[in-house]
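Trainee: Note that the protein sequences, when read in sequence, are chains B and P. Counting from 1, one number per residue, gives the positions in the first sequence under the numbering used here. Counting from 227, one number per residue, gives the positions in the second sequence under the numbering used here. Even for Gly, the Cβ is constructed at its ideal location relative to N, Cα and C.
Protein chains: 2
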Amino acid sequence: MAPTLLIVEDDPALAELLVWSFEAEGYKVLQTPDGEEALLIAAETPPDAIILDWMIEQLSGIEVCRRLRRHPELASVPIIMLTARGEEEDRIRGLETGADDYVTKPFSPRELIARLAAVMRRTRPALAGQTMRIEDLELDPVAHRVRRDGKEIALGPTEFRLLQHFMERPGRVLSRGQLVTGVWGHDSDIEERTVDVQVKRLRAAINSTGGRDMIRTVRSAGYSLG
Amino acid sequence: MAPTLLIVEDDPALAELLVWSFEAEGYKVLQTPDGEEALLIAAETPPDAIILDWMIEQLSGIEVCRRLRRHPELASVPIIMLTARGEEEDRIRGLETGADDYVTKPFSPRELIARLAAVMRRTRPALAGQTMRIEDLELDPVAHRVRRDGKEIALGPTEFRLLQHFMERPGRVLSRGQLVTGVWGHDSDIEERTVDVQVKRLRAAINSTGGRDMIRTVRSAGYSLG
DNA sequence: CAACTCAATGACAGTTCTGTGACAGCGCCT
DNA sequence: AGGCGCTGTCACAGAACTGTCATTGAGTTG
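Given below as structure tokens:
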């Protein structure tokens, strides 16, 4: 599932640029120019991160930040502050208030995206690129979880390793021999036919929720995912 | 316990200033001017955070960063990069490599301290004294209290440390080995199966009030909370 | 279509891994 | 000393997972 982002920015041109940039990165973006409304939106659908302009109407960014931190549901949502001022005092106040990072205008969208990714990598490892995804199938190696279409799928250890091996090489046809050494290890004396059985088990698991068979059998060559 | 900091900086004057500043803040500080040595120290006694100069001898800061990220034990240690260059390209490369934040020279120690605090608040809430919460389970490291659904839960010392370790890494699967070194310490010669027993005790405690089992067993991998 | 090759399946027995209860040792307090 | 709470280890039972095999089924070729 795409991570949701709330952008609070009252300069229409900049707001549009940001929305566009982050949507291109695959984020689901909510946006408002207004501090009060930002709090309402955040309470309604807690985003995975917030981009907050220091100078906005109604409530100052710093006040929004403070209130977010006081809200138990939202206290742990990462916040990146945007500010035109470069003075150190302001940066420090921002950080002390609970912002996780802060970016000085002018900045390029690319930098902001990189910073957000850094923050997300920390707070939501599952959302920040660690997770591998192919169509509606996702594998989070850190949490050791697999989902298809959002529904969790239970896999045994070998099935998990096998799937991980496939997902690291999407679309590629892997021979039984390659799979044996890759998944079972160099020195295993496993029967090659055993691969068939594990593939069958993996198939049963990831197709149990319905949906097409994502593993393709390539006769006399091997298997591929995707 | 004071959080440990590793400072990698080859300018002696700056290094000394940083060591002094952070020790005054109550951190335990390790320091080296050398990239290779930094990796060794980090592997030996994983610090709670790393301050890393971009331009250092032997290995560039960026390379050190990359290697740290590849090391499983150290992958989640927050890194703040120090750089004299202000070019955006470098910042982005730094962040993409896995740094959590980056500070441009010249900077005041006070700003660096504020930034480190912001990063730590996010990654090691316990060190910042913040109470951590996962669903209806909360742990207050300062008061040494644990509650589930508002009801207080009594834990033994080891159970408490184990739970804290889990809550600092929610959702993450931790191997028995990682738990032994993380909860019992590097040099303990504890039987790995002992982890099972403590997990069982912890489970019994936090599930005693009713509610689902929050600890997930991941066969042949370890346990995770959440 | 028949022969042949390769893949899918179901059954199964062996192995590996986890959950548990029991127990002895330790440090602390009374 | 005796009681108490906490810990680490062990042994055992049960659960989960795995590799193999025999059989069935699908695809290919002449």
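If I'm right that I282/P touches P304/P with Cβ under 8 Å, what's the distance once you round it to whole angstroms?
Mentor: On the second sequence, position 56 is the one that residue 282/P refers to. On the second sequence, position 78 is the one that residue 304/P refers to. Between P304/P and I282/P the Cβ distance is about 18 Å, and since that is not below 8 Å, they are no contact.
Trainee: Can you pull the DSSP bridge partners for E364/P?
Mentor: Within the second sequence, residue 364/P is the residue found at index 138, counting from 1. Note: E364/P sits in a beta bridge opposite R359/P and R373/P.
Trainee: Does the distance from the C-beta atom of L353/P to that of M307/P stay below 8 Å?
Mentor: Your numbering for residue 353/P matches position 127 in the second sequence. Your numbering for residue 307/P matches position 81 in the second sequence. No, the pair does not count as a contact, with Cβ atoms beyond the cut-off.
Trainee: Can you give me the start and stop residues for the alpha helix (DSSP H) that L163/B sits inside?
Mentor: As a first step, residue 163/B must be located in the first sequence, where it is residue number 163. That run of the alpha helix (DSSP H) goes P157 to M167.
Trainee: Given that a residue counts as buried once 16 or more other Cβ atoms are within 10 Å of its Cβ, and exposed if not, what is A325/P?
Mentor: Walking along the second sequence from the start, residue 325/P turns up at place 99. That one is buried.
Trainee: Give the interface partners of P46/B over in chain P, defined as CB-CB distance under 7 Å, in chain order.
Mentor: As a working mapping, residue 46/B is identified with position 46 in the first sequence. Residues of chain P passing the Cβ test: none, with the nearest at roughly 14 Å.
Trainee: Any residues in the region 393 to 421 of chain P with a beta carbon nearer than 8 Å to a beta carbon of chain B? Which ones, in chain order?
Mentor: So the close ones are G397, R398 and V399.
Trainee: Counting pairs of Cβ atoms below 8 Å between the region 145 to 154 of chain B and the region 206 to 215 of chain B, do you hit three or more?
Mentor: Taking 8 Å as the limit for Cβ pairs, the verdict is that the region 206 to 215 of chain B does touch the region 145 to 154 of chain B.
Trainee: Would you check if the distance between the CB atom of C65/B and the CB atom of T45/B is smaller than 8 Å?
Mentor: Sequence index remark: in the first sequence, residue 65/B carries index 65 (1-based). Sequence index remark: in the first sequence, residue 45/B carries index 45 (1-based). Taking 8 Å as the Cβ cut-off, C65/B and T45/B do not qualify as a contacting pair.
Trainee: Are the C-beta atoms of V444/P and some chain B residue less than 8 Å apart?
Mentor: Position 218 of the second sequence, counted from the first residue, corresponds to residue 444/P. Cβ-Cβ to chain B under 8 Å: yes for V444/P.
Trainee: Based on DSSP bridge pairs, tell me the residues matched to K254/P.
Mentor: Working through the second sequence from its first residue, we reach residue 254/P at position 28. BP columns for K254/P point to T230/P.
Trainee: Hey, is S450/P's beta-carbon within less than 8 Å of any beta-carbon in chain B?
Mentor: Sequence index remark: in the second sequence, residue 450/P carries index 224 (1-based). It does: the Cβ of S450/P has a partner Cβ on chain B nearer than 8 Å.
Trainee: Let me know the secondary structure DSSP gives T309/P once reduced to three states.
Mentor: In the second sequence, counting from the first residue as 1, residue 309/P sits at position 83. In the structure shown, T309/P sits in a strand (DSSP, three-state: E or B).
Trainee: Would you please state the rounded distance, in angstroms, between the beta carbons of L39/B and R67/B? I believe it to be under 8 Å.
Mentor: Within the first sequence, the letter at position 39 stands for residue 39/B. Within the first sequence, the letter at position 67 stands for residue 67/B. Right, their Cβ atoms sit about 6 Å apart.
Trainee: Between I233/P and L244/P, is the Cβ-Cβ spacing less than 8 Å?
Mentor: Walking along the second sequence from the start, residue 233/P turns up at place 7. Walking along the second sequence from the start, residue 244/P turns up at place 18. Contact: yes.
Trainee: Just how far apart, CA to CA, sit I62/B and K254/P?
Mentor: Here residue 62/B refers to the residue found at position 62 of the first sequence. Here residue 254/P refers to the residue found at position 28 of the second sequence. One C-alpha to the other measures close to 32 Å.
Trainee: Please report the residue range of the beta strand (DSSP E) in which I51/B lies.
Mentor: Numbered from its first residue, the first sequence carries residue 51/B at position 51. Per DSSP, I51/B belongs to the beta strand (DSSP E) from A49 to D53.
Trainee: If you follow the alpha helix (DSSP H) that I62/B is part of, which residue opens it and which one closes it?
Mentor: Taking the first residue of the first sequence as position 1, residue 62/B is located at position 62. I62/B -> alpha helix (DSSP H) spans G61 to R70.
Trainee: Thinking just about the alpha-carbon of each residue, which of A250/P, I267/P and E251/P is nearest to the one in Q257/P?
Mentor: As a first step, residue 257/P must be located in the second sequence, where it is residue number 31. Q257/P has its Cα closest to that of I267/P, out of A250/P, I267/P and E251/P.
Trainee: At 7 Å on the CB atoms, spell out the chain P contacts of A38/B, in chain order.
Mentor: As a first step, residue 38/B is located in the first sequence; it is residue number 38 there, counting from the start. Those do not exist, as A38/B stays about 20 Å from chain P at its closest Cβ, beyond 7 Å.
Trainee: Closest by CA to G491/P, which one among V368/P, D362/P and L363/P?
Mentor: Because chain P here runs from 227 to 452, residue 491/P falls outside it and cannot be looked at.
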